[in-house]
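Q: Sharing a structure here in structure tokens format.
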Amino acid sequence: MLWKRKDLLGLEELTPEEIGFILSTAESFKEVTTREIKKVPALRGKTVVNLFYEPSTRTRISFEIAAKRLSADVINIATETSSVQKGETLIDTGTNIEALKADIIVMRHNCSGAAAILARHVGISVVNAGDGWHEHPTQALLDMFTLKEKLGRIKDMKVSIVGDIAHSRVARSNIWGLTKLGARVTVCAPPMLIPPGIERMGVSVTHRIEEALREADAVNVLRMQFERDTQGAFPLQLEYFQDFGITQERIQKAKKGILVMHPGPLNRGIEIESSVADGENSVILEQVTNGIAVRMAVLFLVSQGREQKNEDLN
Amino acid sequence: MKILIKHPRVIDPVQALDGVRDILIEHGKIKKVAEGLQDEAARVIDASGCIALPGLVDMHVHLREPGREDKETIASGTRAALFGGVTSVLAMPNTAPAIDSVAHIRLLKERIRKTAAANVYICAAITKGRQGKELTPFAQLKAEGALAISDDGSSVDSTALMFEAFKSAKEHDLLVICHCQDSALSGSGVVNLGFTSTRTGLRGISSESEFRRVERDLGLAAEAGARVHIAHVSCRESVALIAAAKKKGVRVTAETAPHYFTLTEESVLGYDTNMKMNPPLRSAEDRQALRQALGDGTIDIIASDHAPHTENEKEIEFERAEFGVIGLQTELSLAINELLEPGFLDWTGLVQRISLAPARVLGLHKGTLGIGVDADIVIVDPRKDWVVTKESLVSKSKNSSFLGKRLPGTVAYTICNGVLAYENQREAPQHPKGGG
Amino acid sequence: MKEKAKVLDNEALSRSLIRIAHEILEKNKGTDELCLIGIRTRGAYLARRLADCIKRIDNALVPVGSLDITLYRDDLTLVAAQPVVHKTEIGFDITAKNVILVDDVLYTGRTIRAALDALIDFGRPKNIQLAVLIDRGHRELPIRADFVGKNIPTAQSETVEVRLQEVDGKDEVAIVEKG
Numbered sequence: 024m025l026w027k028r029k030d031l032l033g034l035e036e037l038t039p040e041e042i043g044f045i046l047s048t049a050e051s052f053k054e055v056t057t058r059e060i061k062k063v064p065a066l067r068g069k070t071v072v073n074l075f076y077e078p079s080t081r082t083r084i085s086f087e088i089a090a091k092r093l094s095a096d097v098i099n100i101a102t103e104t105s106s107v108q109k110g111e112t113l114i115d116t117g118t119n120i121e122a123l124k125a126d127i128i129v130m131r132h133n134c135s136g137a138a139a140i141l142a143r144h145v146g147i148s149v150v151n152a153g154d155g156w157h158e159h160p161t162q163a164l165l166d167m168f169t170l171k172e173k174l175g176r177i178k179d180m181k182v183s184i185v186g187d188i189a190h191s192r193v194a195r196s197n198i199w200g201l202t203k204l205g206a207r208v209t210v211c212a213p214p215m216l217i218p219p220g221i222e223r224m225g226v227s228v229t230h231r232i233e234e235a236l237r238e239a240d241a242v243n244v245l246r247m248q249f250e251r252d253t254q255g256a257f258p259l260q261l262e263y264f265q266d267f268g269i270t271q272e273r274i275q276k277a278k279k280g281i282l283v284m285h286p287g288p289l290n291r292g293i294e295i296e297s298s299v300a301d302g303e304n305s306v307i308l309e310q311v312t313n314g315i316a317v318r319m320a321v322l323f324l325v326s327q328g329r330e331q332k333n334e335d336l337n
Numbered sequence: 360m361k362i363l364i365k366h367p368r369v370i371d372p373v374q375a376l377d378g379v380r381d382i383l384i385e386h387g388k389i390k391k392v393a394e395g396l397q398d399e400a401a402r403v404i405d406a407s408g409c410i411a412l413p414g415l416v417d418m419h420v421h422l423r424e425p426g427r428e429d430k431e432t433i434a435s436g437t438r439a440a441l442f443g444g445v446t447s448v449l450a451m452p453n454t455a456p457a458i459d460s461v462a463h464i465r466l467l468k469e470r471i472r473k474t475a476a477a478n479v480y481i482c483a484a485i486t487k488g489r490q491g492k493e494l495t496p497f498a499q500l501k502a503e504g505a506l507a508i509s510d511d512g513s514s515v516d517s518t519a520l521m522f523e524a525f526k527s528a529k530e531h532d533l534l535v536i537c538h539c540q541d542s543a544l545s546g547s548g549v550v551n552l553g554f555t556s557t558r559t560g561l562r563g564i565s566s567e568s569e570f571r572r573v574e575r576d577l578g579l580a581a582e583a584g585a586r587v588h589i590a591h592v593s594c595r596e597s598v599a600l601i602a603a604a605k606k607k608g609v610r611v612t613a614e615t616a617p618h619y620f621t622l623t624e625e626s627v628l629g630y631d632t633n634m635k636m637n638p639p640l641r642s643a644e645d646r647q648a649l650r651q652a653l654g655d656g657t658i659d660i661i662a663s664d665h666a667p668h669t670e671n672e673k674e675i676e677f678e679r680a681e682f683g684v685i686g687l688q689t690e691l692s693l694a695i696n697e698l699l700e701p702g703f704l705d706w707t708g709l710v711q712r713i714s715l716a717p718a719r720v721l722g723l724h725k726g727t728l729g730i731g732v733d734a735d736i737v738i739v740d741p742r743k744d745w746v747v748t749k750e751s752l753v754s755k756s757k758n759s760s761f762l763g764k765r766l767p768g769t770v771a772y773t774i775c776n777g778v779l780a781y782e783n784q785r786e787a788p789q790h791p792k793g794g795g
Numbered sequence: 006m007k008e009k010a011k012v013l014d015n016e017a018l019s020r021s022l023i024r025i026a027h028e029i030l031e032k033n034k035g036t037d038e039l040c041l042i043g044i045r046t047r048g049a050y051l052a053r054r055l056a057d058c059i060k061r062i063d064n065a066l067v068p069v070g071s072l073d074i075t076l077y078r079d080d081l082t083l084v085a086a087q088p089v090v091h092k093t094e095i096g097f098d099i100t101a102k103n104v105i106l107v108d109d110v111l112y113t114g115r116t117i118r119a120a121l122d123a124l125i126d127f128g129r130p131k132n133i134q135l136a137v138l139i140d141r142g143h144r145e146l147p148i149r150a151d152f153v154g155k156n157i158p159t160a161q162s163e164t165v166e167v168r169l170q171e172v173d174g175k176d177e178v179a180i181v182e183k184g
């Protein structure tokens, strides 16, 4: 197939074929990451700008390594060092980056839909590195890549996502991607952390962790942010761990060989027990490694998508 | 100046008139409505194939003056009104400063006198500075010309104070227009709470935050015996509460805006900030309930909630963008498209909702084409479509939900107080200028 | 696309490969330190076939790898048909090896240039030799083949199509007119 998109904004808008294509392209890039010399010249002479309105060390570094392994130049802009604090609008910032002749903007933003708005206003590629509670497509893609690598396929696999579904872009992107590829997804959280209408995204809902783990091939454990202000509608930390924490005991009762995933950073002892995070079921560090291959694939594909578009204009 | 409108189909619910007549206008008033009228001295408008309606009375308009003249002015807003066939507007008091005192009304009246292109009536604030703390002097405001009071943009959260407001309004026979929103429930939401808020990752505003407050205000108004008007109804539960209150004899009227009977929450999926308004766009079921309520009269009135905002306030992240969209120029076309053509209303019903009922609620002798009435007339060509573009919108702000949309019903002429105030240059054939 | 001439048929193609295999063995004095790396897609199949030939001749197993050069192309921004990134599979160390790089058609030399860059990233071979089934001329870089199945003079307006059983269902080489 041909990749036609200049942007990657979310998985909701992608077809199953497009998601499959990113994952298979990422397999080729994973081989590159195993070489002695891990750098290829594919994006030589291109500039990738990491525009981060929210602090995120790991996603930013993963994108930076991915871009550098493609030989692109990388500029990091964080809110505290840019004109953002002086009140420049998102669109002005974006058009300025475009005028500086950058080729790809990788953006993290605390407002849902920010990447879509930016992409409408610039001609260069936009990759969503997380927008508000909306989507975090590359995280979901690397989760799916890891699942496919470990389980052989995604279709018909049972995946449970546990934690604050309501406020999680990782959950949303995973749900869209996994259901499109035919996985059976269950979300598990206290009722107050399940957003309305979530079952219309094609998932089952449970409030019991044992039920979520019983038949699951993999469990994706979301980071809990108890400091979040949601008008008091948040469970107590201790209570949450008792009811939903991923403990060794619960994993032992779950399906044998269940994969334990976590998008990081880990809150040890809050949503996941240390022994599980470091245990034999955990693929958490492999997720991190796979993130580079997936992001290389995404950066490469969107740069090609844009070239394609420019050619159409000629 | 005399104007003779020849051969339009004339709609006037008051006279139970729906037929081809000529209309003669003299000295700002309607002089005759009959067949075969002749007048040598009059300017003649050939309106064959067009429909003549009483000029639209839009009782929910934000003219932004004084204070935010970058968004809209009395001059630009009333010009947009005339382009949309609207000859009278009720200006909402959430300006800077808020219209909460005699002095502010006087200032506003002076500006209206100098710059308004259409009739502008004044709605004053319920509380000082719209802070929800202390009532404004209703008697003085009314004496100075305020036709209604409202803290539109927010609701008076204190039940006790709101009850005082209704009692005082009853005493002075002032209409209370209620923006119904329990902010404790709506929180920092920006779209309808439900699958749409889940899908977009945007914070939700529940229908409950609206209808709980509708329920409260209907109860308070009933107890005080005051006249209450529910602004921008967006959900089916509010419709049901209003219907029940009407049945019990509460003196309630209600309005909804064209975007609520035209669009649904799905429109926000692309994060278009011109789909962001308060209350938010709701579900398809809510939209259907609103259309039916307009059809059966549970909702009496169509009002635009014309809310201009500059590009700087709209071309930003969805969560940070201002609430509200403009609507003066599109309301008639949308009503034709969404209510008339699907059969929820006929022309007579449409005139009732968009001209007559708001005129009556505000106590204006308008919304009819009776002899001696102010000659506020819109002549619309139902055969001609038009496309909503930034260029075709004459409001200072261009934040329309309908940019790029083709709509039926082009306003050919708007006559305001007997003067030909707007003439669609592109569409109308050239007529010889008459005398008078 | 109009087919102008068939250049090699099934048998001729097979004979060419056997001859190249002999030449490789002769020049490298056997199979010590020898390895074959084919450029995807068709070069990879040809490398595998050459290895089979060598095995039949010398009864020796030569390691075979495949190389995807997409990420090294100098025309990434120009190609009309979007390149698809395939996996590179070289399951052995090429350092100090005699590497036979295999491709189907040698034309401008740019693919080989990219392949050389890619190979160097995998290690430091003792030497790299180039085997191609067809050399059609029109070089744009100072590159030549060490082993050639057949030299075919062509016009720029023509394309040489190598069809292989593994991908195309038959073995043959044809010249076709572009557009």
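Residue numbers (this note's numbering), protein chains in the order written: chain A, 24 to 337; chain B, 360 to 795; chain C, 6 to 184.
Ideal Cβ positions, reconstructed from N, Cα and C, are used throughout, including at glycine.
Being a predicted model, the structure only gives us computed values, none of them experimental.
#1: Among A:His190, A:Gly225, A:Glu233, A:Glu309, which has the Cα closest to the Cα of Gly800 of chain B?
#2: Mind checking if Thr38 of chain A is an interface residue toward chain B, Cβ cutoff 7 Å exclusive?
#3: Can you pull the DSSP bridge partners for Lys7 of chain C?
#4: If contacts are defined as beta-carbon pairs under 8 Å, then Gly654 of chain B and Phe620 of chain B qualify, I think. What distance do you get, rounded to the angstrom?
#5: Who are the neighbours of Thr112 of chain A on chain B, taking C-beta pairs under 8 Å?
#6: Can at least three beta-carbon pairs, one atom from the stretch 525-543 of chain B and one from the stretch 489-508 of chain B, be found at a separation below 8 Å?
#7: Confirm, please, whether the CB-CB distance from Tyr77 of chain C to Ala119 of chain C is below 7 Å.
#8: Mind checking if Leu336 of chain A is an interface residue toward chain C, Cβ cutoff 7 Å exclusive?
#9: Mark Gln310 of chain A as exposed unless 16 or more other C-beta atoms lie within 10 angstroms of its C-beta, in which case mark it buried.
#10: For the alpha helix (DSSP H) holding Ala56 of chain C, just list the boundary residues, first then last.
#11: Once you ignore the five residues that flank Cys134 of chain A on each side, which residues in its own chain have a CB closer than 6 Å to its CB?
#12: Output the distance between the C-alpha atoms of Ala780 of chain B and Ile433 of chain B, rounded to the nearest integer angstrom.
#13: With DSSP as the reference, label His159 of chain A as helix, strand or coil.
#14: Return helix, strand or coil for Pro767 of chain B, following the three-state DSSP convention.
#15: Looking only at its chain, what residues have a beta carbon closer than 6 Å to the beta carbon of Leu342 of chain A, apart from the 5 residues adjacent to it on each side?
#16: Give me the residue from B:Ile404, B:Leu649, B:Trp745, B:Val479 with the minimum Cα distance to Leu383 of chain B.
#17: Counting only beta-carbon atoms, is Val63 of chain A nearer than 7 Å to chain C?
#18: Do Ala139 of chain A and Leu32 of chain A have their C-beta atoms closer together than 7 Å?
#19: Starting from Ile362 of chain B, trace the beta strand (DSSP E) in both directions and tell me its first and last residue.
#20: With DSSP as the reference, please indicate the residues paired to Ala580 of chain B in a beta bridge.
#21: Since Leu520 of chain B and Cys482 of chain B are thought to touch, with beta carbons under 8 Å apart, how far apart are those beta carbons, to the nearest angstrom?
#22: Could you check whether the stretch 175-184 of chain A touches the stretch 233-244 of chain A, counting it as contact only if at least three pairs of C-beta atoms, one from each stretch, sit closer than 8 Å?
#23: Please say whether Ala142 of chain A and Thr70 of chain A have beta carbons closer to each other than 7 Å?
#24: Along the chain, where does the alpha helix (DSSP H) containing Ala694 of chain B start, and where does it finish?
#25: Just mark Leu135 of chain C as buried or exposed, buried being the case when its beta carbon has 16 or more other beta carbons within 10 Å.
#26: Taking 7 Å as the cut-off, decide whether the C-beta atoms of Ser760 of chain B and Asn633 of chain B are in contact.
#27: Take Glu38 of chain C as the anchor and find which of C:Arg53, C:Ile29, C:Arg168 has the nearest alpha-carbon.
#28: Taking 7 Å as the limit between beta carbons, can you name the residues of its chain near Gly48 of chain C, skipping five residues before and five after?
#29: Do we get a CB-CB distance below 7 Å when we pair Gly200 of chain A with the residues of chain B?
#30: Helix or strand or just coil, what does DSSP make of Met284 of chain A?
#31: May I have the straight-line CA-CA distance separating Leu46 of chain A from Val317 of chain A, to the nearest angstrom?
#32: Less than 7 Å separating the beta-carbons of Thr437 of chain B and Gly414 of chain B?
#33: Assess contact between the stretch 148-162 of chain C and the stretch 97-104 of chain C, defined as three or more Cβ pairs (one per stretch) separated by less than 8 Å. Is contact present?
#34: Determine, using beta carbons only, whether Glu54 of chain A comes closer than 7 Å to chain C.
#35: Please confirm whether Asp664 of chain B and Ala613 of chain B have their CB atoms less than 7 Å apart.
#36: Using a Cβ-Cβ cutoff of 7 Å, what residues of the stretch 573-585 of chain B are near chain A? List them in chain order.
A: Reading off the structure:
#1: As displayed, chain B neither begins before 360 nor continues past 795, which places residue 800 of chain B out of reach and without an answer.
#2: no
#3: C:Glu182
#4: In fact, because the Cβ distance is near 10 Å, the residues do not count as touching under 8 Å.
#5: Asn671, Glu674, Ile675
#6: yes
#7: yes
#8: Because the pLDDT at Leu336 of chain A is just 35, under 50, the model does not fix this residue reliably, and the value given afterwards should be weighed accordingly. No, its Cβ sits nowhere closer than 7 Å to a Cβ of chain C.
#9: buried
#10: 47-63
#11: Gly155
#12: 15 Å
#13: coil
#14: strand
#15: Given that chain A is displayed from residue 24 to residue 337, the structure contains no residue 342 of chain A and the question cannot be resolved.
#16: B:Ile404
#17: yes
#18: yes
#19: 361-365
#20: Ala580 of chain B is not bridged to any residue.
#21: Not quite, the Cβ-Cβ distance comes to about 18 Å (not below 8 Å), so this is no contact.
#22: yes
#23: no
#24: 690-694
#25: buried
#26: yes
#27: C:Ile29
#28: Val107, Asp108, Asp109
#29: no
#30: strand
#31: 7 Å
#32: no
#33: no
#34: yes
#35: no
#36: none
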